[in-house]
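Peer 1: Reminder that position 400 of the sequence shown reads as 401 in the working numbering, one-by-one numbering, no gaps.
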Amino acid sequence: MRYLFVLALTASLFAAQPLSPAEEALLSPITANVLKGHISFLASDALDGRDTPSKGLDVAAEYIAAQFRRYGLEPAGDNGYFQSAAYVNVTQPAEGLEITLTSGGKTWKADKEHVMISSSGTAQIHAAGVVKVTITDENTPLPDRTAVEGKAVILIAPMPRSRAMLRKRESVLDLGPAIVVTGGFTGFGRTRLREAGETTAQRPPMITTSDPEFNTFVESLDAAATLEAAVPAPVLQPVTLKNIIATLPGSDPALKDTYILLTAHYDHIGISTRGEGDRLNNGANDDASGVATVLALAESFSKSTARPKRTLVFMTYFGEEKGLFGSRYYGSHPVFPLAKTIANLNFEHMGRTDDNEGDRSGKITASGFDYTTLGDALTEAGKATGIEAWKHAENSDAFFGRSDNQSLADSGVPAITVAVSWIFPDYHRPGDEWEKINYPNMEKEVRTCALAVERIANDSRPVKWNETNPKAEKYVEAWRKLHSAN
Ligand SMILES: [Zn+2]
2 MRYLFVLALT ASLFAAQPLS PAEEALLSPI TANVLKGHIS FLASDALDGR
52 DTPSKGLDVA AEYIAAQFRR YGLEPAGDNG YFQSAAYVNV TQPAEGLEIT
102 LTSGGKTWKA DKEHVMISSS GTAQIHAAGV VKVTITDENT PLPDRTAVEG
152 KAVILIAPMP RSRAMLRKRE SVLDLGPAIV VTGGFTGFGR TRLREAGETT
202 AQRPPMITTS DPEFNTFVES LDAAATLEAA VPAPVLQPVT LKNIIATLPG
252 SDPALKDTYI LLTAHYDHIG ISTRGEGDRL NNGANDDASG VATVLALAES
302 FSKSTARPKR TLVFMTYFGE EKGLFGSRYY GSHPVFPLAK TIANLNFEHM
352 GRTDDNEGDR SGKITASGFD YTTLGDALTE AGKATGIEAW KHAENSDAFF
402 GRSDNQSLAD SGVPAITVAV SWIFPDYHRP GDEWEKINYP NMEKEVRTCA
452 LAVERIANDS RPVKWNETNP KAEKYVEAWR KLHSAN
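Listed below in structure tokens is the structure:
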């Protein structure tokens with residue numbers, strides 16, 4: 002705490018430190034117009050909100066690969082710049098899906114428009130007995146398997162705001178019910194992604210309805226309540242998804258076999274199935290701005306005559322919005338040894354300055370700000386560019402697991418997500434459009450990142466997890482394991 006205070010004081014007492022001519026040259030290709038060019042294309046309506054999988058996502062992938070080609074970077078995928086990942090897209094057909102709940106002489110029927118799938122599966126159920134299971138938090142005890150097996154479960158549970166709560170809800174499926182029906186919006190639409198070859202146990206379907214009448218109806222279920230259901234089998238469609246990976250080999254004979262990953266997710270959430278007016282979620286700040294940051298860094302480092310000592314890896318991920326799929330895929334299929342990967346700077350929400358909590362111009366933050374020495378690197382770089390690096394009292398810790406840095410951190414690689422804002426007015430809404438980005442500010446933010454990366458890449462001391470921060474403890478453990486195994 003004191004250390005950070007001293008740095009902040011130093012920053013305010015002295016004017017920006019001068020850059021060396023080599024640093025000036027490195028930063029000069031990063032301009033507001035370069036960033037605007039990338040974001041306005043990636044977030045255009047033509048790409049349909051870059052859902053995973055979709056044609057729009059594939060077009061974005063081609064665009065990113067084309068830029069890497071233009072910068073003359075080395076491809077590091079299995080198919081040029083593409084790291085191909087075999088997935089199965091599981092779709093639950095709405096046609097033929099019927100659920101009827103009968104209690105006290107009244108019935109409630111599922112309405113197809115208000116149904117989402119939380120777990121896909123098939124079921125033909127006639128007059129099944131109904132058991133109500135209420136979960137208030139992740140520690141709520143579940144009923145015995147004998148009380149649930151073969152029955153229709155009506156699950157009463159709050160919206161899952163954490164992975165633990167999501168797992169808790171899904172654990173009801175392991176008790177062997179015939180079907181689980183629940184309220185609230187917690188599904189994944191009618192499609193889900195799954196890695197090909199992943200063996201999934203045959204599970205019953207979990208159907209989520211947004212119909213408010215469902216909640217009222219299930220408040221007073223009688224003991225003789227029954228459920229009829231027809232849930233058609235899910236349709237499985239094999240898809241090839243792509244991470245896009247390019248490298249700039251390091252210049253130092255000893256350090257070039259160490260890697261710094263500069264990453265962002267290029268997918269977004271596609272087109273909403275309901276809502277008035279514009280339903281196309283452009284995803285300009287989330288996360289075309291992060292991709293534009295990776296591209297601008299790739300361009301500036303590839304043009305620089307002073308090549309960094311360590312190897313830089315520029316990578317963009319698919320499927321973040323569906324659950325960190327692209328980064329998890331890379332984490333389990335790394336192209337470069339994780340033990341030699343000294344850091345990952347992931348970029349999100351780099352463009353908007355109109356954060357819900359106020360103006361963020363001139364400031365840069367990160368998740369896990371003080372989990373690693375990377376926060377210090379941003380602070381130092383910001384002194385030269387006039388950008389103040391800061392830790393958000395709640396969000397810097399709370400958002401650590403909410404982006405792709407988590408996938409690398411789990412393996413022990415020091416990994417943070419750098420951002421300008423956390424939540425902004427159009428977050429995950431159609432209004433997240435490229436015109437709303439603060440480009441002159443973004444130019445300074447990305448230059449700050451370039452400077453931080455350049456210094457890390459030329460520093461023979463490795464990036465470290467902060468051993469004095471209890472929140473980083475499990476990552477320190479993972480780091481030790483990673484380095485003892487190699
Ligand atoms: Zn995002």
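The beta-carbon is built from N, C-alpha and C at its ideal position, and this holds for glycine as well.
1) Does the structure place the region 314-329 close enough to the region 262-281 that three or more beta carbon pairs sit under 8 angstroms?
2) Based on the DSSP output, what are the partners of Met-316 in its beta bridges?
3) Confirm, please, whether the CB-CB distance from Gly-387 to Lys-445 is below 8 angstroms.
4) Can you give me the start and stop residues for the beta strand (DSSP E) that Glu-196 sits inside?
5) Does Ile-424 pass the burial test, meaning 16 or more other C-beta atoms within 10 Å, or should it be called exposed?
6) Verify the contact flag: His-39, CB atom, against every heavy atom of ligand 1, threshold strictly below 7 angstroms.
7) Can you give me the C-alpha to C-alpha distance between Lys-472 and Tyr-372, rounded to a whole angstrom?
8) Which runs of the beta strand (DSSP E) spanning at least 3 residues fall entirely within the region 315-383, listed in chain order?
9) Just confirm the distance between the C-beta atoms of Ala-285 and Lys-437, as a whole number of angstroms; I'd bet it's less than 8 angstroms.
10) Quick one, which of Leu-339, Ala-230 and Thr-137 has its alpha-carbon nearest Lys-113's?
11) What ranges does the alpha helix (DSSP H) occupy inside the region 43-91, keeping only unbroken runs of at least 4 residues that lie completely in it?
12) Mind checking Thr-469: buried by the 16 CB within 10 Å criterion, or exposed?
13) Please report the residue range of the alpha helix (DSSP H) in which Ala-297 lies.
14) In chain order, what residues of the same chain have a beta carbon less than 7 angstroms from the beta carbon of Asn-439, not counting five sequence neighbours either side?
15) With DSSP as the reference, label Glu-277 as helix, strand or coil.
16) Please classify Ala-382: is it buried, with 16 or more other beta-carbons within 10 angstroms of its beta-carbon, or exposed?
17) Three-state secondary structure (DSSP) at Ile-424?
18) What residues are listed by DSSP as bridge partners for Val-402?
19) Using CA coordinates, which residue listed in Val-35, Leu-36, Ala-87 and Thr-53 is at the minimum distance from Gly-271?
20) Less than 8 angstroms between the beta carbons of Leu-156 and Arg-170, yes or no?
21) May I ask you to check if the CB of Glu-321 is nearer than 7 angstroms to at least one heavy atom of ligand 1?
22) For the beta strand (DSSP E) that contains Ile-155, what are its first and last residues?
23) Count the other C-beta atoms from every protein chain shown that fall within 10 angstroms of the C-beta of Glu-395, then say buried if there are 16 or more, exposed otherwise.
24) Taking one C-beta from the region 324-344 and one from the region 36-52 each time, how about it: are there three or more such pairs within less than 8 angstroms?
25) May I ask you to check if the CB of Thr-349 is nearer than 7 angstroms to at least one heavy atom of ligand 1?
26) Report whether the distance from the Cβ of Ser-422 to the nearest heavy atom of ligand 1 is below 7 angstroms.
27) Using a 10 Å radius around the Cβ and a threshold of 16 neighbouring Cβ atoms, would you call Glu-488 buried or exposed?
28) Which residue's Cα is closest to the Cα of Thr-209: Ile-417, Ala-95 and Ser-408?
29) State the CB to CB distance for the pair Glu-322 and Thr-418, rounded to an integer number of angstroms; the pair is presumed to be in contact (CB under 8 angstroms).
30) Roughly how many angstroms lie between the CA atoms of Ile-365 and Ile-457, to the nearest whole one?
31) So the beta strand (DSSP E) Met-160 belongs to, where does it begin and stop?
32) Which residue marks the beginning of the beta strand (DSSP E) containing Trp-466, and which one marks its end?
33) Can you tell which of Pro-415, Phe-319, Arg-430 and Val-421 has the C-alpha that lies nearest to the C-alpha of Trp-391?
34) Report, in whole angstroms, the separation of the C-beta atoms of Asn-90 and Thr-192, which I expect to be a contact under 8 angstroms.
35) Around the Cβ of Arg-162, are there at least 16 other Cβ atoms within 10 angstroms (buried) or fewer (exposed)?
36) Check whether the region 36-43 touches the region 299-311, counting contact only when three or more Cβ pairs, one atom from each stretch, lie closer than 8 angstroms.
Peer 2: On the basis of the coordinates in this document:
1) yes
2) Ile-246 and Thr-264
3) yes
4) 192-196
5) exposed
6) no
7) 7 angstroms
8) 342-348 and 364-368
9) 7 angstroms
10) Ala-230
11) 56-72
12) exposed
13) 290-304
14) Gly-352, Arg-353, Thr-354 and Ser-362
15) coil
16) buried
17) coil
18) For the record, residue 402 in the displayed sequence is Gly; it is not Val. Looking at the DSSP assignment, Gly-402 forms no beta bridge with any residue, so it has no partner.
19) Thr-53
20) yes
21) yes
22) 153-157
23) exposed
24) no
25) According to the sequence provided, residue 349 is Glu. The question's Thr does not apply to it. Yes; taking the cut-off as 7 angstroms, the Cβ of Glu-349 has a heavy atom of ligand 1 nearer than that.
26) no
27) No information on residue 488 is available, as it lies outside the stretch 2 to 487 that the chain covers here.
28) Ala-95
29) That pair is no contact at about 14 angstroms.
30) 17 angstroms
31) No beta strand (DSSP E) contains Met-160, which DSSP labels as neither H nor E.
32) Premise fails: Trp-466 is in no beta strand (DSSP E) and is neither H nor E.
33) Val-421
34) 6 angstroms
35) exposed
36) no
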